[in-house]
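Novice: Numbering of the sequence shown is given in our numbering, commencing with residue 7 and proceeding in unit increments.
C-beta: ideal position from N, C-alpha, C; glycine also.
The structure displayed is predicted, hence computed values, not measured ones.
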Amino acid sequence: MENVKQTVKKPHALVRMLKYLKDNDPAIIWFFVVYTICSSIHPVVGVVFPKYLITLLLGENVVINSVLFVVAIFFLISAVTSFLESYTFYASNTRITYLRIRYLFIQFKLFLTMDYKYVEDPTFGNEYELAFEACSSNNNGIEQIYHSMFEIVAKILSIIMYVVLVSMLTPWAFLAIFLSVIVGYFTSKFVERYRYSKRMELAHANRKTRYYNEVTYDFKFGKDIRLYGLGEKVMDCYRNEIFNYLKVFRRIKNKEYGWALFDLFFVLLSDITVYAFLIIKYLEGMDLASFTMYLGACLALSTALKTIIGDLTVMRNEMRYVKDFFRFIDTPLVTNDGTLPPPEDETLEVEFQNVSFKYPKTEKYIYKNLNLKIAKGEKLAIVGVNGAGKTTLVKLLTRLFDVEEGEILVNGVSIKQYELFGYLSMFSVVFQNINIYAFPVRQNVTMGHDRTDEEVWDCLIKAGLEEKIASLSGGLDHMLLKVIDENGVELSGGENQKLAIARALFKQAKMIILDEPTSALDALAEADIYQRFNELVSDKTTIYVSHRLASTKFCDKIAFFNENGLVEYGTHDELMALEGQYYNMFVTQGKYYQTEENDDETVA
7 MENVKQTVKK
17 PHALVRMLKY
27 LKDNDPAIIW
37 FFVVYTICSS
47 IHPVVGVVFP
57 KYLITLLLGE
67 NVVINSVLFV
77 VAIFFLISAV
87 TSFLESYTFY
97 ASNTRITYLR
107 IRYLFIQFKL
117 FLTMDYKYVE
127 DPTFGNEYEL
137 AFEACSSNNN
147 GIEQIYHSMF
157 EIVAKILSII
167 MYVVLVSMLT
177 PWAFLAIFLS
187 VIVGYFTSKF
197 VERYRYSKRM
207 ELAHANRKTR
217 YYNEVTYDFK
227 FGKDIRLYGL
237 GEKVMDCYRN
247 EIFNYLKVFR
257 RIKNKEYGWA
267 LFDLFFVLLS
277 DITVYAFLII
287 KYLEGMDLAS
297 FTMYLGACLA
307 LSTALKTIIG
317 DLTVMRNEMR
327 YVKDFFRFID
337 TPLVTNDGTL
347 PPPEDETLEV
357 EFQNVSFKYP
367 KTEKYIYKNL
377 NLKIAKGEKL
387 AIVGVNGAGK
397 TTLVKLLTRL
407 FDVEEGEILV
417 NGVSIKQYEL
427 FGYLSMFSVV
437 FQNINIYAFP
447 VRQNVTMGHD
457 RTDEEVWDCL
467 IKAGLEEKIA
477 SLSGGLDHML
487 LKVIDENGVE
497 LSGGENQKLA
507 IARALFKQAK
517 MIILDEPTSA
527 LDALAEADIY
537 QRFNELVSDK
547 TTIYVSHRLA
557 STKFCDKIAF
567 FNENGLVEYG
577 THDELMALEG
587 QYYNMFVTQG
597 KYYQTEENDD
607 ETVA
C-alpha cells in the first residue's frame, strides 16, 4: 500500500471533515453556534455574579428586593444557558455519531471492493487497523476531533473574557497561569508523539488479539478446540498477545507519568504565584467582593487554558489517525482500468499467453511462461499435486490477482480491458473453503439478487438440497448459522457444499469454476457430484480443480500441474497413453481407492 502513489493533492484532513459535516448534516453547525455561546457565557456569569451579590449583602443598607432581583437574573441566565447548552450538546453529539458511522461505512465499502491482493497482505492489515482507529469509537479519531473543535471555540470566548478580568488585576497573574499552561502543552505534545510512534505496535497487537478472540467465540472452531484440546493453547496465545499489548501500553503510561510530574511542578508554582498576588492586593485594600471575583477568574482562566491546551493536544494526536484514515481511503485500492462491457456470448473462451506470476512480496514464481487455452463450452480439469498453483490459476483468471508478465485473454480480449465488476459477473466460482453467511437460505443462494421463489427452488433441487430446506420451519426464509439468530440452522459439510453449488447455478454465469469444493468428501462421492454438476452446466465453459484424478477424467481436456507449472496437457486417454506423471498418479490413486472400496465391501 505504501508504494501506491497519490497523484492529486487533497485538502487538509480538518478541512475535509468540516466540508463533510456541512454537506451531510449542516444542522450541526447551528447547534454548535448556540452551544458555543451558551457554554462560554454560563461560567463567566458564575464568576462575575458573586461579586455583585457580596457587594449588595455587605453594603450598609441591604435592599432585599435588589438582592432577590440579582439572584433571579443569575438563575434565569444560568437556567436558559444550561438548558440550551445541554440540549445542543446531546443533539449535536447524536448527529456527530451518525456522521462518524458514515465514515465507517466508507471504509467498510472500500474494504469489501478493494483488490483481493490487499486482503492477503498482512502489512495492509496493519494499515487498515490504523484507519479503523479513526472511526471505530466516539472517544477518539473523527468524532473526538469534532467534539474537541467545538469545545475549543467555546473555551476561546470564555478565555477572552477571563483574560480581560485578570489583566485588570495584574498582567503577572495572567503570565504565571499562561506559563504553566505552555509547559503542560509541551509535555502533552511529547507524550502524544511517543504514543503515536507506538501505533504500529499497538495495531499489530490488536490484530492478533482480535483473531484469537474470534477463534474463541466462532462456532466453526468449537469442535476442533474441544476434540483436540486446543483450549489451553488458544488461551496461551491470547494471553501472550494481551501481555505484548500491555507491555507497549505500560511503556506509554510510564512516559506519561514522568512528564505529568514535571508538569505538576509548574502547576503548583503557578497557583502559588496567583494566590500570592491576590493576597497582596487584598492586604493593600482590595474589597472582599473583588477578591472573590478575581480569585474565581484566575482559577477559571487556568482551568479553561489547560482544557483548551488538552483539547488541542488531543485534537493534534487524533488528527494523525484521521490522516491515516484519509490516506487509506484516498489510496487507489481498486484496479478497474478497463471499460469494455462483458461479451454477449453465452459462454467463454480463455487463453493464458506466456503468463508469469509470483505473489506480492515473494521471490518464487508460481508460473513462468504459462500457455493454456480453454475453448468455448469446453470442460477443463486442473489437476496435480498440492501446492502446484491450481487455485492460483483461478485467482488470476478471476482477477483476484493480476499477472506479472504475459496476459490472459477472454474471447480474444485482454481481461484488463473489461470493466472489472462486469467482468467478474461472468464467473461462478465455488472455492474449497465454502462461506455460509448468517443470512436466510434465500439470500445465501441469491447473494442479494432478486429472483422468484421458483428460481431459487429450482437451483436447490438441482443441487440436491431441496429436501433439507423444505424441512426447515422457515423454508427459504430460515436463517442459517446461530451467530445472529439463535434458531439459525447449522448445515452439515455436505449440505454446505450443495448450497454453494446452488449458489453457482443461480448466478447463471458464462463460466463455472469448481475449485475443490468437495475435497472433504471421499473420491467416489466427489466424482458423482462433479459428473452430476457437469450435466447441469453442459453448455458452459467449466473448470474443475481437483487433486483426485478419477473425479475429472470425464473432462474434455486435462491440465496436469506440478511445482514446475503445467507439465502435461490432453485428454484422459492421451495422458494415460503418455505414461507420464498424470499416469503414475492416476494408477497410484486408483490402487488406493480400490483398496478403500474393498474395505468398505468387507465391512458391509
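Do you know whose CA, among 550, 464, 506 and 402, lies nearest residue 450's CA?
Specialist: If we check each option's Cα against that of residue 450, 506 comes out closest.
Novice: Shortest alpha-carbon distance to residue 314 belongs to which of 264, 34 and 153?
Specialist: Minimum Cα distance to residue 314 is reached at 153.
Novice: Considering only the alpha carbon of each residue, which of 26, 423, 156 and 501 lies closest to residue 349?
Specialist: It is 423 whose Cα lies nearest to the Cα of residue 349.
Novice: Along the beta strand (DSSP E) that carries residue 55, what are the first and last residues, could you check?
Specialist: Note, residue 55: premise wrong, no beta strand (DSSP E); alpha helix (DSSP H) at 33-64.
Novice: Excluding the 5 residues flanking residue 399 on each side, which residues of the same chain have their C-beta closer than 7 angstroms to its C-beta?
Specialist: Correct list, in chain order: 388.
Novice: Which partner residues does residue 568 have in the DSSP bridge list?
Specialist: Partner(s): 571.
Novice: Pop quiz: residue 554 and residue 532 are said to be a contact at Cβ under 8 angstroms. What is the actual Cβ separation, rounded to whole angstroms?
Specialist: Indeed they touch by this definition, with Cβ atoms about 6 angstroms apart.
Novice: Using a threshold of 8 angstroms, state whether the C-beta atoms of residue 136 and residue 443 are closer than that.
Specialist: In this structure, residue 443 does not lie closer than 8 angstroms to residue 136 by Cβ.
Novice: In whole angstroms, what is the alpha-carbon distance linking residue 207 and residue 432?
Specialist: One C-alpha to the other measures close to 42 angstroms.
Novice: Would you call residue 502 buried or exposed, if buried means 16 or more other Cβ atoms sit within 10 Å of its Cβ?
Specialist: With 16 or more Cβ atoms within 10 Å of its Cβ, residue 502 is classed as buried.
Novice: For residue 628, which of 544, 587 and 546 has the nearest alpha-carbon?
Specialist: Given that the chain is displayed from residue 7 to residue 610, the structure contains no residue 628 and the question cannot be resolved.
Novice: Along the chain, where does the beta strand (DSSP E) that runs through residue 380 open and close?
Specialist: 373-380 is the span of the beta strand (DSSP E), which, as asked, contains residue 380.
Novice: Let me check one thing: in DSSP terms, what residues is residue 446 bridge-paired to?
Specialist: Answer by DSSP bridge pairing, in chain order: 485.
Novice: What is the rounded straight-line gap between the Cα of residue 75 and the Cα of residue 83?
Specialist: Distance between the alpha carbons of residue 75 and residue 83: 12 angstroms.
Novice: Looking at residue 34 and residue 102, is the spacing between their C-beta atoms short of 8 angstroms?
Specialist: Yes, Cβ-Cβ distance for residue 102 and residue 34 is below 8 angstroms.
Novice: Run through DSSP, which three-state label would residue 494 get?
Specialist: In the structure shown, residue 494 sits in coil (DSSP, three-state: anything other than H, G, I, E or B).
Novice: What first and last residue would you give for the beta strand (DSSP E) that runs through residue 387?
Specialist: Unbroken beta strand (DSSP E) run through residue 387: 385-390.
Novice: By alpha-carbon positions, which one of 216, 132 and 359 ends up nearest to residue 210?
Specialist: The shortest C-alpha separation from residue 210 is found at 132.
Novice: If we ignore side chains and look at the alpha-carbon of each, how far apart do residue 236 and residue 258 end up?
Specialist: So the alpha carbons of these two residues sit roughly 33 angstroms apart.
Novice: Is it true that the stretch 574-591 meets the stretch 469-481, where meeting means three or more beta-carbon pairs spaced less than 8 angstroms apart?
Specialist: In short, these stretches do not touch, since the Cβ pair count stays below three.
Novice: When the distance is taken between beta carbons, is residue 353 closer than 8 angstroms to residue 546?
Specialist: Yes, Cβ-Cβ distance for residue 546 and residue 353 is below 8 angstroms.
Novice: Whole angstroms is fine: what's the gap from residue 575's alpha carbon to residue 488's?
Specialist: Roughly 46 angstroms separates the two Cα atoms.
Novice: Starting from the N-terminal side, write out each stretch of the beta strand (DSSP E) that is 3 residues or longer and does not extend beyond the stretch 311-349.
Specialist: For the stretch 311-349, not a single whole beta strand (DSSP E) run of length 3 or above is found.
Novice: For residue 576, which residues does DSSP report across the bridge?
Specialist: The partner list for residue 576 (beta bridge, DSSP) reads 564.
Novice: In angstroms, rounded to a whole number, what distance separates the CA positions of residue 200 and residue 245?
Specialist: Rounded to whole angstroms, residue 200 to residue 245 spans 25 angstroms at the Cα level.
Novice: May I ask you to verify whether the stretch 88-98 touches the stretch 40-53, counting CB pairs closer than 8 angstroms and requiring at least 3?
Specialist: Yes, they touch.
Novice: Going residue by residue through the stretch 399-480, where are the continuous beta strand (DSSP E) segments of at least 3 residues, counting only ones entirely within it?
Specialist: The qualifying runs are 411-416 and 433-436.
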